[in-house]
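The structure appears below as structure tokens.
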Amino acid sequence: MADQMEDLKNTLTYIYSELNRIQTIAGTLSTIENRHYRDLLNMGDDRLNQMANEEQNAARQLGQVKQMCLTMAQKVDELQKNDGQTLQ
Amino acid sequence: MFKFLSNFARSIVNEAVDKAIERIARDQYTENLFELVPVTQKVGLVNLMEIVMRSSQGQPPTRPLGSHIRFSPWDKLLFNPVHLYFFPTPENVSITTAVTIGPRARKPLTISIPIMIAGMSFGGALSKNAKIALAKAASKIGTATNSGEAGLMGEERDAAALFIGQYNRGGWLNTKEKYARLDAIEIQLGQGAQGSSPQRTSTKNIGPEYREVFGIPEGGDALIHSRLPGIDTKEQFMTLVRKLKDETEVPVGLKIAATHHLEHELQIAIEAGVDFITVDGAEGGTHAAAPSLEDDLGLPTLFAVSRASKFLAKKGIDQDVSLIATGGLVTPGEYLKAIALGANAVYIGTAAIMALVGDQMAKAAPFEPPTDLVVYNAKMTERLDIDRGATNVFNFLNAAVREMELICYSLGKTSVADVSRLDLCTLDPFLSRAIGVDLGFVSHEEQQEYFKDFSRLPVVYPPDMVDPAVYSSQLENPIH
Chain H
0 MADQMEDLKN TLTYIYSELN RIQTIAGTLS TIENRHYRDL LNMGDDRLNQ
50 MANEEQNAAR QLGQVKQMCL TMAQKVDELQ KNDGQTLQ
Chain Y
0 MFKFLSNFAR SIVNEAVDKA IERIARDQYT ENLFELVPVT QKVGLVNLME
50 IVMRSSQGQP PTRPLGSHIR FSPWDKLLFN PVHLYFFPTP ENVSITTAVT
100 IGPRARKPLT ISIPIMIAGM SFGGALSKNA KIALAKAASK IGTATNSGEA
150 GLMGEERDAA ALFIGQYNRG GWLNTKEKYA RLDAIEIQLG QGAQGSSPQR
200 TSTKNIGPEY REVFGIPEGG DALIHSRLPG IDTKEQFMTL VRKLKDETEV
250 PVGLKIAATH HLEHELQIAI EAGVDFITVD GAEGGTHAAA PSLEDDLGLP
300 TLFAVSRASK FLAKKGIDQD VSLIATGGLV TPGEYLKAIA LGANAVYIGT
350 AAIMALVGDQ MAKAAPFEPP TDLVVYNAKM TERLDIDRGA TNVFNFLNAA
400 VREMELICYS LGKTSVADVS RLDLCTLDPF LSRAIGVDLG FVSHEEQQEY
450 FKDFSRLPVV YPPDMVDPAV YSSQLENPIH
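Residue numbers (numbering that gives the first Met the number 0), protein chains in the order written: chain H, 0 to 87; chain Y, 0 to 479.
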């Protein structure tokens, strides 16, 4: 039983750290997509403008991934704190 | 040749106008064509034509796209840019636009922009092509689309990455095998354009696919009841909400037409444990409704959002229960103002439809309205290019969110969700008092002092029309 609890604690810690990594990656990619959007828009071509719009949208969706990861990480953190007593 | 034709046309027009002016000058007023001008001014052109429609059909005319009256004074609210007091957001910082609907649900719904496609039903309102195009656009930009009061159309569900379905008064989506496929459930008890009035689509307007999606037997009508079948008490409503939450684990919300009884309605919804509330203001659009329902019923969106958000905050649950505003929201500025007043996200209907037909409306113009490309049973729905329509809506949403982001930079915000009523001011003292937004012509520090003395408020009626004794008595004993 104690082994299982220890395993669960470790799993939660692992999920928490990976979620934080994913949100950092999403944030970085979002910044890159935003830069692409500006570069493409500067070309002044209709088809590139459409691609620029899609890059801008990709940046926002990565922002969405970032927010989802943050929320999930927060929930995992709450789990760790609230159930810490039980897991001990 | 062209010059000859042009001169010929000019001389005919000139002659016709001369004759018309001559007749208008000489004829008795009661026999004069000009009589139409004062009549139109007195009655209004829309009302005049609707009187004619009523008189010829004997039935309420079914006006599309909602009321023409702009009840919500969005234009009287202005955002406050910052320069030194707070600093604007640096341009290399991204503005967070993602929003989570129903954060306390077991499976919350996160969308990448705070704008969603409003409930517009297949069959009851839109064609299959239009619904699929809207679903594709929503998926591409990372937001949700809504079924409207309809059954579950497989193609729409498949095209929509995030799909909110309406548990509706017609009962067409109300079985577990259908609502279990949704990302959020919106219990639809009313809408801004029609309140909770019953609606009926007759057999002759129901095609085979409509019949199949809705599960309507041959020869049967599609009837939207005024209340949900089987829900005749508050307790039954609460039981329904809990059942849907337990069975699906997705956010379960309530959509109502905004009314002056708003807080009483919300109290019951909160007790039932809804995850989100959709308030549809009086400006809400629809495929078709009687003009009196559209013009004379409901609470304007602006006041509905303001009151609902205040109520949720007062109850201390504004972080748990999401608020969605809808009804006549047209511009990105209006979307952001609704968010500033407390909405977490907005639904758009008419604006999405207009964006959808966008550069394709030339196919219908000039002899048919642009909606002929998208409305179920219209003549030209097969001519709608789905992918082009989806791109149009995607582009519109992208541009709209960009405009909202630009305002956020100027307000010094890093997230759309951080925009609040403190970022607004108004030039209308009554609006200022009603929704708790600072009055723009008095400094922030002097607001309370200014409103201490009500006599400073502009007089609505000219002084000679108001008996001073009655006026001062009203000030002392305000009527509530």
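Here a beta-carbon is modelled for each residue, glycine too, at the ideal position from N, C-alpha and C.
*Counting pairs of Cβ atoms below 8 Å between the region 333–349 of chain Y and the region 373–381 of chain Y, do you hit three or more?*
no
_If you reduce the DSSP assignment to three classes, tell me which class residue 77(Y) lands in._
strand
*asked:* If I measure Cβ to Cβ from residue 29(H) and keep anything under 6 Å in the same chain, skipping five residues before and after, which residues do I get?
replied: 58, 61 and 62
*asked:* Taking 8 Å as the cut-off, does the region 291–300 of chain Y touch the region 242–259 of chain Y (at least 3 CB pairs, one atom from each stretch)?
replied: yes
*Where the beta strand (DSSP E) containing residue 252(Y) begins and where it ends*: 251–256
*Would you list the one or two residues that DSSP bridges to residue 437(Y)?*
424(Y)
*Decide if residue 286(Y) is buried, meaning its Cβ has at least 16 other Cβ atoms within 10 Å, or exposed.*
buried
*Report all residues from its chain with a CB closer than 7 Å to the CB of residue 371(Y); omit the five preceding and five following residues, and keep chain order.*
363, 377, 378 and 379
_Taking only three categories from DSSP, how would you classify residue 164(Y)?_
strand
*In angstroms, rounded to a whole number, what distance separates the CA positions of residue 224(Y) and residue 330(Y)?*
33 Å
*Bridge partners of residue 345(Y), per DSSP?*
114(Y) and 324(Y)
*Measuring CA to CA, which of 41(Y), 145(Y), 176(Y) and 175(Y) is closest to residue 187(Y)?*
145(Y)
*chain H contacts from the region 96–110 of chain Y (Cβ-Cβ distance under 8 Å)*: 96, 97, 99, 102, 107, 109 and 110
_List, in chain order, every chain Y residue whose beta-carbon is nearer than 8 Å to that of residue 58(H)._
93
*Is it buried or exposed for residue 92(Y), if we count other Cβ within 10 angstroms and need 16 for buried?*
exposed
*Output the boundary residues of the beta strand (DSSP E) element that contains residue 198(Y).*
198–200
*From what residue to what residue does the alpha helix (DSSP H) around residue 56(H) run?*
45–81
_Looking at chain Y, is there any beta carbon in it that lies within less than 9 Å of the beta carbon of residue 33(H)?_
yes
*Pull up the distance between the alpha-carbon of residue 6(H) and that of residue 68(H), whole angstroms please.*
22 Å
*Alpha-carbon to alpha-carbon, residue 37(H) and residue 44(H)*: 13 Å
*In the structure shown, what three-state DSSP assignment does residue 145(Y) receive?*
strand
*For residue 19(Y) and residue 11(Y), the rounded distance between their alpha carbons*: 12 Å
_Euclidean distance between Cα positions of residue 52(Y) and residue 60(Y)_ = 6 Å
*My guess is that residue 184(Y) and residue 278(Y) are in contact by the Cβ rule of under 8 Å, so how many angstroms apart are they, rounded?*
With a Cβ gap of about 17 Å, residue 184(Y) and residue 278(Y) do not count as contacting.
_Residues of the region 55–80 of chain H whose Cβ lies closer than 7 Å to any Cβ of chain Y, in chain order_ = 55, 56, 58, 59, 60, 62, 63, 66, 67 and 70
*Among the residues of its own chain, which have a CB less than 6 Å from the CB of residue 409(Y), if the five just before and after it don't count?*
80 and 87
*Inter-residue spacing [alpha-carbon to alpha-carbon] between residue 441(Y) and residue 74(Y)*: 19 Å
*Look at residue 306(Y) and residue 262(Y) and say whether their C-beta atoms are less than 9 Å apart.*
yes
_Cut-off 6 Å between Cβ atoms - residues of its own chain near residue 289(Y), not counting five sequence neighbours on either side_ = 59
_So if DSSP puts residue 414(Y) in a beta bridge, which residue, or which two residues, is it bridged to?_
95(Y)
*Note down, in chain order, all residues in the region 130–159 of chain Y with a beta-carbon under 8 Å from any beta-carbon belonging to chain H.*
139, 140 and 141
*Looking at the unbroken alpha helix (DSSP H) that takes in residue 30(H), where does it start and where does it end?*
1–41
*Under 7 Å by beta carbon: chain A residues contacting residue 186(Y)*: Note that chain A does not occur in the displayed structure, where the protein chains are H and Y.
*Any chain H beta carbon closer than 9 Å to residue 394(Y)*: yes
_Considering just the uninterrupted stretch of the alpha helix (DSSP H) at residue 303(Y), what are its terminal residues?_
300–313
*What are the start and end residues of the beta strand (DSSP E) that includes residue 275(Y)?*
275–279
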